[in-house]
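Written below as structure tokens is the structure these notes are about.
In the working numbering, the protein residues as written are 1092 to 1522.
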């Protein structure tokens, strides 16, 4: 039978008219896992017409295409001198490969994938890293798409990335009072300060892992990313992330910080970076009341006109940066009330909403109602794209204000409330 198989193989390989036919049979075999079904040959060449006519003893010369049942092909083969030949064997030797079905191939690939990830999981038995990766692979959520894309592209690279990310997740403190700089954290794990940069897969995987444990969405911008890292015990971008304050004092190791004390005594504004904030343990407002302004012009005017009175003021500069969050976290236990007022636009309302969601009753909305808005409404239109941001609000009072702003489509700005702010501050101090 081996001689017949070799003669059969030689016959089909020597005739170019059978080449496409065999390719189609192989394709169908891979799809079904057995010899069956039908194939179609379009735009028949003269060689193919001649080969098919001779093999099937039918006229294919006037046909442009042919649909052939593989069952009929095998029957026709039995009527030749190759009767009884193992055609599966012929087919595989024709292409010089073991032809496996797509289902078999998929099963093999799945077994390989399962083994690959099992080996990685075994490195992190009983740890946060294992919990996260098992969740990702089981639910096909979180970092799943990133992981599978890299698996198909670079398995060894993915293994290294996951091992580094797993070690990083297991080392995180998830404690805002026990923080470490990202570059130092990265160096301690990989001896490379840039391993967890956010344009690298390791950085993205780390963020996905932290998001999982903090039950947050993957951060969509640098500010949310910095906050997420901070909650995990990591500080990033220490210098450019800052907030402006006045009238606050700070302590380090139980001692009053001399730098803060100097700015306080002179009633001067102080720019605080994450680096500055990482050096202190406690922040106080001596009168236990703090006023937060979104608008830097209003902050500066209030500071100038209350100079010497040591009013505790914070300026967010149009957004709540991580530095402002850390400042407020350290301050919160040492104040009675924090008043917030911002511009009447989507960004201002979102800052207010974020503060209330984080600090609850400690935050009081100040001159920030519908009546205040109507009093100072401007002609400045808010774009539809910006107005859409208002749908993200969670605070009832702010939702009502947002509905009014959406009706008019106009912004209003803090500058026109300065006199009322000053009057309110005076009243609060008298009480």
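Even glycine gets a Cβ: it sits at the ideal position worked out from N, Cα and C. Computed from a prediction, not measured in an experiment: that's the story for all the values here.
- residue 1223 versus residue 1214: straight-line alpha-carbon distance, rounded: 13 Å
- For residue 1159, which of helix, strand or coil comes out of DSSP? strand
- Message: Classify residue 1475: buried if its beta carbon has 16 or more other beta carbons within 10 angstroms, exposed otherwise.
- Response: exposed
- Message: Please list the terminal residues of the continuous beta strand (DSSP E) segment that includes residue 1334.
- Response: 1333-1337
- For residue 1362 versus residue 1333, is the C-beta spacing smaller than 7 Å? yes
- First and last residue of the uninterrupted alpha helix (DSSP H) at residue 1428: In the DSSP assignment, residue 1428 falls outside any alpha helix (DSSP H) and lies within the beta strand (DSSP E) extending over 1428-1432.
- Message: Using CA atoms only, rank isn't needed, just tell me which of 1285, 1437, 1489, 1142 is closest to residue 1501.
- Response: 1437
- Task: Please determine if the segment 1342-1352 and the segment 1376-1390 are in contact, where contact requires at least 3 C-beta pairs separated by less than 8 Å.
- Result: Not touching, per the Cβ criterion.
- Message: Taking 6 Å as the limit between beta carbons, can you name the residues of its chain near residue 1338, skipping five residues before and five after?
- Response: 1401, 1402, 1403, 1404
- Item | According to DSSP, residues forming a beta bridge with residue 1347 | 1342
- Query: In terms of residues, what are the limits of the beta strand (DSSP E) holding residue 1088?
  - Reply: This structure gives no information on residue 1088, because the portion of the chain shown stretches from 1092 to 1522.
- Using 8 Å as the threshold, is the segment 1115-1132 in touch with the segment 1151-1159, meaning 3 or more CB pairs across them? yes
- Return the residue from the list 1409, 1290, 1417 that minimises the CA-CA distance to residue 1432. Per the Cα distances, 1409.
- Span of the alpha helix (DSSP H) around residue 1461: 1461-1467
- Message: Classify residue 1302: buried if its beta carbon has 16 or more other beta carbons within 10 angstroms, exposed otherwise.
- Response: Of the other Cβ atoms in all chains shown, 16 or more fall within 10 Å of the Cβ of residue 1302; this residue is therefore buried.
- Please report the residue range of the beta strand (DSSP E) in which residue 1410 lies. Element bounds for residue 1410: n/a, residue is neither H nor E.
- Item | Beta-carbon proximity check, residue 1095 vs residue 1173, cutoff 7 Å | yes
- Task: State yes or no: is the C-beta of residue 1461 within less than 7 Å of the C-beta of residue 1503?
- Result: no
- Contiguous beta strand (DSSP E) assignments of at least 3 residues, all confined to the segment 1132-1192: 1157-1160
- What first and last residue would you give for the beta strand (DSSP E) that runs through residue 1361? 1361-1364
- Message: Given this structure, state the Cα-to-Cα distance separating residue 1434 from residue 1505, to the nearest angstrom.
- Response: So the alpha carbons of these two residues sit roughly 5 Å apart.
- Evaluate contact between the segment 1384-1401 and the segment 1227-1236, counting only Cβ atoms and requiring at least three cross-stretch pairs below 8 Å. Too few Cβ pairs lie closer than 8 Å, so no.
- Pull up the DSSP beta-bridge partners for residue 1043, would you. Within the shown structure, residues of the chain are numbered from 1092 to 1522, placing residue 1043 beyond reach of any answer.
- Query: Residues in its own chain within less than 8 Å of residue 1208 by CB, not counting five upstream and five downstream?
  - Reply: 1224, 1228
- Exposure label - residue 1367; buried when at least 16 CB within 10 Å: buried
- Query: Should residue 1142 and residue 1170 be called a contact, given that it needs their Cβ atoms to be closer than 7 Å?
  - Reply: Not closer than 7 Å, so no.
- Item | At least 3 beta-carbon pairs within less than 8 Å: the segment 1115-1124 vs the segment 1175-1195 | yes
- Would you kindly work out how many angstroms separate the C-alpha atoms of residue 1489 and residue 1449, rounded to a whole number? Looking at the two C-alpha atoms, the distance is approximately 15 Å.
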